[in-house]
Amino acid sequence: MKSFTLLAVPAAIVCFQASPSFAQSAAAQTVTGTITDASDRSPLPGVTVVVKGTTVGASTDPNGQFTLSLPAGSSALVVSAVGYETQTVNAVGGAIRIALKADVKQLSEVVVTGYSEQNRKTLTSAISSVKGDALKDIPAASPDQLLQGKAPGVQVSANSGVPGGGIFIRIRGSNSVNASNDPLYVVDGVFINNTNLIATGLGNQVSSNPLADLNPQDIESIEILKDANATAIYGSRGANGVVLITTKRGKAGDKTRITFNTYHGWSKAAKQYDLVTGPELAELENERFLNDGGNPVQLPYRSVASGGRGLPEEQPTYDRLSDVFRTAQTQSYELSAAGGSDKTQFYIGAGYFQQESIARPSAFDRFSLRVNLDNSVTDKLRIGTSTALARTHRNVSSNDNNPVGVINSALFPRTNLPVYNPDGSYAKYGSFDNHQALIDNLNNDAVGTRVISNVYSEYRFLKNLTLRSSWSIDFNDMYENNFNNTLILAGQPRGTASSYLSRDITLLNEQTLNYNVELGENHSLQALVGNTLQRNTFQRTSLLGQQFPGNDLTTIASAATQTGSSSRSQAGLVSFFGKATYSYKSRYTADVSVRADASSRFGADQRWGYFPAVGLGWRLGEEGFIQNLNIFQELKLRASVGKTGNQAGISDFAALGLVQGGANYLDLPGTAPLQLANPNLSWESTRQWNVGLDAAVLDNRVLLELNYYDKYTSGLLLNVPVPRKTGFASVVENYGAVSNKGFEAQATVNWLNKGPLQWSTTVNLARNVNKIQKLAAPITTGSRDIFRLEEGAPLYSFWLYHQTGVNPESGDAEYEDVNGDGQLTVADRQLVGNAWPDYFGGLTNSVTYKGVDFGFSLNFEQGAKIMNMNRFFLVHGGTQSNIGYLREQLDRWQNPGDQTDIPRLTTNAASNNYGGVVQNLSDRYLEDGSFLRLRTLTLGYTIPKETLAKARLSSVRVYVQAANLFTLTPYSGLDPEVNSQSGVSNTKNFDWATVPQPRTLQVGVTLGL
Amino acid sequence: MKSTIHYLFFAALLGATTLSITACNDLLEPTPVQQLADDKAITDAGSARSATIGVYDRVQAYYQLNWPVLGFLPGDNVRFNGTLNQFLQIDQNQLSADNVLITEAWTQMYQAINGANNVLAALPAINDPLLPAAEKNQLLGEAYFLRALVYFDLGRGWGGVPLILTPTRSKENGAGLRRSTLAQTYDQVLADLTQAEALLPETATRNRAVKAAARALRARLHLYRQQWSEAETYATQVIGSSNYRLVTPYRAISTAPFLSQESVFELTFSNSDANSMWNNWFPSALGGQFNFQPLPAAITLLNDPATGGSRSALLASTTINGSSVTYGNLYSRSAQRDDPSYVLRLAEQYLIRAEARAKQNKLTDALADLNAVRSRAGVEPSKAATADALLLAIENERRVEFAFEADRWFDLVRTGRAATVLGVTDQRRWLFPIPFNDLVADPSLEQNPGY
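Top line first, the protein sequences correspond to chains A and B.
Following full-length UniProt numbering, the numbering of the first sequence begins with 1 at its first residue and continues without gaps.
Following full-length UniProt numbering, the numbering of the second sequence begins with 1 at its first residue and continues without gaps.
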């Protein structure tokens, strides 16, 4: 019903604006001209020249020349090009010369917004833009990782150093508990799936990042929509922010440019775990034995002659970690061609990227192809496509929570135990596999196929009125084949194999009607309405095989026992939306937008959600009284408020009371209750307001952007705990609230922007305060319930016992007795910190002198805590009979009077030192994870054009770069950027046998043909 | 040309818009293909059968790992040799309310109860010609039996628990319902077992409930309630049945294809419904994780011909790095992964009756029952002459007979000897803690003292 009301709006606009289109039809005269760069007088190709107030225009050829017919009565030409200040010139006929000045004002750029583009001058939203140039050369597989430290308020951290692995990304904090907190990604208008499809169990990590299917080299720009005014047009999917990725396209009249880009990198771990030697381990074990009241004659490490395992000093030391960590190679090759005639423009890019993990044997590679085409069929009709194809290959291996992971099996076994048995076979201890066996035999292949494609046609009814219809598909397919032979634990006893085919398909149809007009000198109006239909289908087929004839027959066809399963789920979304921007003299701007969404996931009566927003902008700098101050080249105030929704991350049928099959017994089919019904289930919604200020001072040398925001998410899609006596543990309800408040600041200083030496610095800083405002009951999550959600506390809070110290007399750990009942129980576990940084941000510096460019970028986080599970396991005081020790254990209490925070070695449960009620869940393993990291350091040289002329090359740049050259941090683990349990919701900063961020040295060259 | 294109374009656009409107309903009401609405789940013969099988599946879930662990690990036969603290707590009798294994077991058990309640509520109203009365009775009897089993286990683990007897459709089900006393819990078990015994068939099926299974569990219930004569009566009914006998050698109980004549009720696994329990017992050199390691005292008892006899088959050894390592071998089907979970065995009925008779001072009969179990294991008959000596001999017999099954801890708590034998002097530790998370979610739930 609502649909018809909304569809009526475009019709009204059509009728209302019929008249101005007559202006074009008078006689014309021809203008020609040459456009050059004001600084070096070189001709500029691809510059757009438009007759002011019309769509009549042309673009310059490779020699910087253009020709166009000037309609009678018009003489003003608007000349614009990316990176240059736009000029308006009066054409008096004949040949004209125009010199364009390079634009250093960030404020005048065009920004891609939801379903349209807008000049930054009139923007009222909080949107960060990152240009493709700023992203190039960073040796990371996926574009989201490149945003690290580049955009204020956008927290990006890699979960691990595994190439192509998952990324933690939050735009202005986390809104949600059980629904997704990841932003919506839109690539050239296609809403893409961002769900990890790898089914193979790899511990608790998110094994793949679907964004790694995109080649970063194809990206023209990334826009991050942060406030409600920018995201409300994405309605129910906008609450976590929206990342718009625009890929490169050809320009009209551009000579075909061919670019070849390659680099090669070498990566290593910057730090290594520090384990005890064999003799030290034996000393610790003997001491533990005595502390536990053992008979000194029976020490475990006594001479072999007396029946022991040998004296401590006789113990050998085996280094397993060096077998796992390697110097890993990265290589990237990319060839692209871009250009176009007046009618047809194209961009074609092909790339190959290959990256090894610094921990054997993981690796990632990707072949990618992109074709972007635009064609003007007639003056009014334009068609085109943006199509990307990628094939990825991952060799995956597990880490954390998994004794058969490679790092686990090298890190945890005791260092005095040999790697091989006397007969040469792999030696295995306790629950752990042999690391070398895993390196030699792991055989887990995941091959992804991705097609993201959009075709559109655009019809211009009137000069200012355009109807666009587009059809898109995001096809994401993952095919996994794993074979575990008998040499590794997972393959016991006679070989196991699994094969998964997972497919996630989104189909999208979208219509938008765009209206754009300048009414006289002072008024401009931009409006659009549209609708989308979306269907998402997920399906997976899995096959398992056991008992193979030998280690050489690896497909399930050879297995004696073969079992299989398949699953399927589907969701739909129907939406209508509209927005309008009115600007007076480019000085006062008002935005309004609304979206209506209906989702199949909710109860029939609760299906529709409405998401409105408004934004206001006032360019104070244009007012006389400010201009008279002669301080500001730009001064703008912005304010917006709106509502967005979230429905991602819950199951497709979350509102229904369901019974599920598969509860089988005796190989007979069985059914069992799955979930409770909640017919009232609906959106969770986020109200956000934002105020901002943009300023440019000191002759545009200093640019400043400030934002303050306040978000309140209510009706959380929450797994509300229910009494377990009901037979259920939780039900999905709209209950609870989370708030995020914070500020973002970004300053760009153009120290030198004229002459041969150019130097600029951009620094950004953000703070977000997250708080759970309302929760039905505390919820624990993560391994050992280390995380707990409580009303009044932030998400990602650590729930541990607070160790007050180690008694210098007894050597036993002492913990805070929170409820003061004189005994230690679970009631004394408390929230002792959280994983949120107090402040985070980045700094980018770039210097160019003639052909030489030098740059570096830093990023930092301050105040986040990390739970170091490697210490939790490896400083165990003797309670773990199959795990070795970190050297830190040597600092244990030994004699009365010792001052230390590492308690006496003992397995006695009553002491609660390492076991007992406390279960080693002491906050002595919780650490400050602040860091300052030199993300990249680059030195490049662009060879002068004159030198290249003979070689028939148009440009050559060579560079060397170091990534993660240093990290300043108090954190004792390998790397503070870590999130081992990325697959477990509501956990963060958990370090458990995870591949650290590598240090990389890289050389590269870019050739323009 | 132009007009053709325009025409086509308009047609396409019109098509798209029409599609938009007609597609809405399809898009917004997809049908789940792998779930059923909960109120339509039990409607005919087929769905009633599936729902009953589903209850077995949930019982299987907690009997696969958690329940045996809670039975043997707090005792003195097995130590924890792995890395997970929740197991270490159980081994050290230092449970805390946030122990995740306790939470998991508690959750699985009430899931099984809800499954049984669904069957019991929906099945009587079903009139399907494909569901003969005998089968309908059997399915009902099975649901009663399984509910009784779970409530019995809840009772001996936690003490009195909330008694939920109707299927859950909303989270308000059972709101305000507090924990019953242990006596009330056991009364409910008795009521369900009485129903089950009446409804179940008198066949010799061993992996689904039959009359004998209800009687055997009832004998155990009476033993726990110290109702000696009833315990004797019901154990006698099982022992007297021609369907059951003690099998030799001892290892035959746990040898494929399982379902030996000694088994009264066991939960069958198969390769597609796998039991990975072996993985916890086997050393990593043999592909396991070696989480559970037999203690030296238990190894001595099992290997001693005077105490263990053929029960030494519960152990095996292998050489790791030059030295011999002994491991538990009850769950040994690493390739087929079809080790059953043992719930009720005839040997236990003998030992129940022995104890019940000893308590009633029928010492000769009691000794005969004890020695039936011993002679099957190839051990010399006991010569215990007094009631106390007999009771101690029975306790020790249970320790080796059910060394790696869900028995030792519950047995010592039942007889009040956990302090003497295991050194767990704080009697509050004889009951498991109610999961901390559930206390938070359910205000009417009360924690056991000491946690």
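The beta-carbon is built from N, C-alpha and C at its ideal position, and this holds for glycine as well.
From a predicted model like this one, the values you see are computed outputs, not experimental measurements.
Per DSSP, A:A580 lies in no alpha helix (DSSP H) segment; the continuous beta strand (DSSP E) that holds it begins and ends at T561 to Y584. Classified as exposed, A:F966 has fewer than 16 neighbouring CB atoms from the shown chains inside 10 Å of its CB.
Under the three-state reduction of DSSP output, B:D26 falls in the helix class. The residues L146 and P216, in chain order, have a CB closer than 6 Å to that of A:L135 in the same chain once the five nearest residues on each side in sequence are set aside. Considering only B:A216, B:P340 and B:E397, the residue with the shortest C-alpha distance to B:L367 is B:E397. Contact of A:Q880 with chain B is assigned, a C-beta pair being separated by under 8 Å. Secondary structure note for B:S375: its alpha helix (DSSP H) is the uninterrupted segment L363 to R376. In this structure, the straight-line span from the alpha carbon of B:A209 to that of B:E197 is close to 9 Å. Taking 8 Å as the upper bound on Cβ-Cβ separation, chain B lies near residues A663, N664, Y665, L666, D667, L668, P669, G670, T671, A672, P673, L674, L676 and A677 of the segment 663-697 of chain A. In the DSSP secondary-structure assignment, A:H876 is not bridged to any residue. Less than 8 Å divides the Cβ of A:A835 from the Cβ of A:N989. For A:G46 against A:K271, the beta-carbon gap comes to about 47 Å, at or over 8 Å, which does not count as contact. In the structure shown, A:L146 adopts helical secondary structure according to DSSP, grouped into three states.
When Cβ-Cβ separations below 8 Å define contact, A:R607 makes contact with chain B.
With its beta carbon at least 8 Å from every one in chain B, A:F461 lies outside the interface.
The three-state reading of DSSP puts A:L965 in coil, since its state is none of H, G, I, E or B. A residue is called buried when at least 16 other Cβ atoms come within 10 angstroms of its Cβ; A:N690 meets this threshold and is buried. Shown here, A:M869 sits in a helix according to DSSP, grouped into three states.
With a cutoff of 8 Å on beta-carbon distance, A:N175 and A:A282 are scored as not near each other. Nearest in C-alpha terms to A:G805, of all of A:V875, A:W893 and A:Q511, is A:W893. At a cut-off of 3 residues, the continuous stretches assigned as beta strand (DSSP E) that sit fully inside the segment 294-352 of chain A are 328-340. Relative to the Cα of A:P944, the nearest Cα in the group A:E458, A:R957 and A:G235 belongs to A:R957. Here B:L130 is exposed. Its C-beta has fewer than 16 other C-beta atoms within 10 Å.
Residue range V100 to A122 is occupied by the alpha helix (DSSP H) that includes B:N118, with no beta strand (DSSP E) assigned at that position.
From the beta-carbon of B:W106, the residues of chain A found nearer than 7 Å are R724. The CB of B:T168 comes closer than 9 Å to the CB of P673, L676, V722, K725, T726, G727 and F728 in chain A, given here in chain order.
Beta bridge pairing from DSSP links A:N90 with A:A76. When the five nearest sequence neighbours on each side are left out, the beta carbons in the same chain lying within less than 6 Å of the beta carbon of A:A909 are those of G915 and G916, in order along the chain. The DSSP assignment places 465-484 as complete runs of the beta strand (DSSP E) inside the segment 455-497 of chain A, in order along the chain (cut-off: 3 residues). If the five residues before and after A:L926 are omitted, its C-beta is found closer than 8 Å to the C-beta atoms of F798, L800, V832, G833, K865, I866, M867 and N868, all from its own chain and listed in chain order. For B:V100, the nearest CB of chain A lies under 8 Å from its own CB, placing it at the interface with that chain.
For A:L438, the secondary structure class from DSSP, reduced to helix, strand or coil, is helix. In this model, B:S270 and B:R206 are separated by some 15 Å (Cα to Cα).
For B:A285, the closest Cβ of chain A is nearer than 8 Å. Those residues of the segment 58-81 of chain B placed with their C-beta closer than 7 Å to a C-beta in chain A are R58, Q60 and N81, ordered along the chain. A check of alpha carbon separations from A:V960 across A:V722, A:Y582 and A:P139 identifies A:P139 as the nearest.
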